[in-house]
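Novice: Numbering of the sequence shown is given in this note's numbering, commencing with residue 48 and proceeding in unit increments.
One structure coming up, written as structure tokens, with questions to follow.
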Amino acid sequence: MLTKKKSTKILVTGSEGFIAKDLISKLKKDNYIVYTLDLKKNKSKYHFSLDLLDYEKIIKTITIKFDTIIHLASQSDIEKSLKDPSETIFNNIIGTLNILKLREKKNIKNLIFASTIYVNSDQGSFYRVSKQTCEDLIIEFNKRNKFNFSIIRYGSVYGKFAPLSNRINKVIEGFRNNKKQMINGKGDEIRKYIHVSDVASLTIKIMELKKTKFKFYEITGKKPYKFSKLISQLEDKTKINPIHYNNIISEGHYIKNPYNKTIYPIMKLSPKNDNTVNKILELINNKWKL
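Here you go:
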């Protein structure tokens, strides 16, 4: 997608997020010129403190023509999306729409969009719905004005700067402080966990692909772990036992398999006989106003 040059300008949205921080660090080490965008303020001259919902301000403020936009900004907390669907849908969908309009207006040739493996499932609540809609928006914008895009569906990412809503980081906090923690579920959840550093490296690898037939990518860990077994391994190595389960299943999260989207049956209905031509002629002959 992109040839590496010292003059290559990249805009990373959601730059205060934990995936973005690692990605930005690696991009800079690779000599890319990195600009950032986030609601949070930053003293860097390469940072735009902007609300992605304010399209007019975005257009007026961003005058640079970037080579690539890496769009990571989103509301990604599934529990939060359950409680407040409007905020998730509005921020994620309208924010992405405005990024697509910016790309079109400035003729930016490359876009990388951070999606989720939840789009393959019935889980993920309104967060999944918003990401699926964003994927569809990208495809439709590409139909009317061709550009290079990559949609990356991320799996269960953990690492430095992740919020405590991130289950693995919550576990790390428990081990560090030797504090008992009550975790939702039974411990039978299966995930392919992946460190944020690997996610950043693989995202850059996708960005630098020169010729590929792929538009969709999935980044997950190599090995599936049953959560309780992973915790047991950590407890054996640390001699700390901070994790307990409350057997409450977290709504919106998959247990073993994210690839379980339901195909609903459709009842197809039609009139008994086709009379299309006569019906249209009847309308032509009737003097009714359009």
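We treat Cβ as the ideally placed atom computed from N, Cα and C, and that holds for glycine.
Check for me: the alpha helix (DSSP H) holding Ile241 runs from which residue to which?
Specialist: It is not in any alpha helix (DSSP H) - Ile241 instead sits in the beta strand (DSSP E) that spans Tyr240 to His242.
Novice: From what residue to what residue does the alpha helix (DSSP H) around Phe44 run?
Specialist: Only positions 48 to 337 of the chain appear in this structure, which leaves residue 44 out of reach.
Novice: On the premise that Leu70 lies in contact with Ala247, defined as a C-beta separation below 8 Å, what is that separation, rounded to the nearest angstrom?
Specialist: Right, their Cβ atoms sit about 4 Å apart.
Novice: Apart from the five residues just before and just after Asn138, which ones in its own chain have a Cβ nearer than 6 Å to its Cβ?
Specialist: If we look at Asn138 and ignore the five residues flanking it on each side, its Cβ neighbours are Gln122.
Novice: Taking Ala161 and Ile199 to be in contact with their CB atoms under 8 Å, please state how far apart those CB atoms are, rounded to whole angstroms.
Specialist: Confirmed, about 6 Å.
Novice: Closer than 8 Å is the cut-off here; do at least three beta carbon pairs connect the region 129 to 138 with the region 147 to 166?
Specialist: Contact between the region 129 to 138 and the region 147 to 166 is absent, because fewer than three Cβ pairs lie under 8 Å.
Novice: Please confirm whether Thr83 and Ser62 have their CB atoms less than 7 Å apart.
Specialist: Yes.
Novice: How many whole angstroms separate the CB atoms of Asn195 and Lys156, which I take to be in contact at a CB cut-off of 8 Å?
Specialist: Asn195 to Lys156, Cβ: 6 Å. Contact.
Novice: Between which residues of its own chain and Phe274 is the CB-CB distance below 6 Å, once the five residues before and five after are set aside?
Specialist: Hits under 6 Å: Gly234 and Glu236.
Novice: Mapping DSSP to helix, strand and coil, what is Ile194?
Specialist: The question names Ile, but residue 194 in the sequence shown is Phe. Coil, per DSSP.
Novice: Starting from Val324 and walking both ways along the alpha helix (DSSP H), at which residues does that stretch end?
Specialist: That run of the alpha helix (DSSP H) goes Thr323 to Asn332.
Novice: Would you tell me roughly how many angstroms separate the C-alpha atoms of Leu277 and Leu99, rounded to the nearest one?
Specialist: The straight-line gap from Cα to Cα measures roughly 38 Å.
Novice: Determine, using beta carbons only, whether Val324 comes closer than 7 Å to chain D.
Specialist: Annotation note: the requested chain D is absent from the structure, which comprises a single protein chain.
Novice: Alpha carbon to alpha carbon, what distance is there between Tyr174 and Thr323?
Specialist: Computed Cα separation, rounded: 43 Å.
Novice: Which runs of the alpha helix (DSSP H) spanning at least 4 residues fall entirely within the region 159 to 231, listed in chain order?
Specialist: DSSP runs (the alpha helix (DSSP H)) wholly in the region 159 to 231: 172 to 191 and 214 to 224.
Novice: Quick one: measure Cβ to Cβ for Ile159 and Ile117, integer angstroms, because I've assumed they're closer than 8 Å.
Specialist: Going by Cβ atoms, the distance from Ile159 to Ile117 rounds to 5 Å, so yes, they are a contact pair.
Novice: Excluding the 5 residues preceding and the 5 following Ser129 in the sequence, name in chain order all residues of the same chain whose CB lies nearer than 8 Å to its CB.
Specialist: In the sequence as presented, Ser is not what sits at residue 129; that position holds Leu. Around Leu129: Ser172, Phe173, Glu298 and Gly299.
Novice: Which runs of the alpha helix (DSSP H) at least 4 residues long sit entirely within the region 55 to 140? Give them in chain order.
Specialist: DSSP runs (the alpha helix (DSSP H)) wholly in the region 55 to 140: 65 to 76, 102 to 108, 125 to 130 and 132 to 136.
Novice: Whole-angstrom Cβ separation of Ser244 and Gly202, contact assumed at under 8 Å?
Specialist: Between Gly202 and Ser244 the Cβ distance is about 15 Å, and since that is not below 8 Å, they are no contact.
Novice: Helix, strand or coil for Ile266? Go by DSSP, reduced to three states.
Specialist: Three-state DSSP puts Ile266 in a strand.
Novice: Between which two residues does the beta strand (DSSP E) harbouring Ile313 extend?
Specialist: It is not in any beta strand (DSSP E) - Ile313 carries neither H nor E in the DSSP assignment.
Novice: Span of the alpha helix (DSSP H) holding Ile146?
Specialist: Element bounds for Ile146: Gly142 to Lys153.
Novice: Where does Thr115 land, buried or exposed, given buried means 16+ other C-beta within 10 angstroms?
Specialist: Thr115 is buried by the Cβ-count criterion.
Novice: When DSSP labels each residue in this structure, what does Ile290 get in the three-state scheme?
Specialist: Looking at Ile290 - three-state DSSP - the assignment turns out to be strand.
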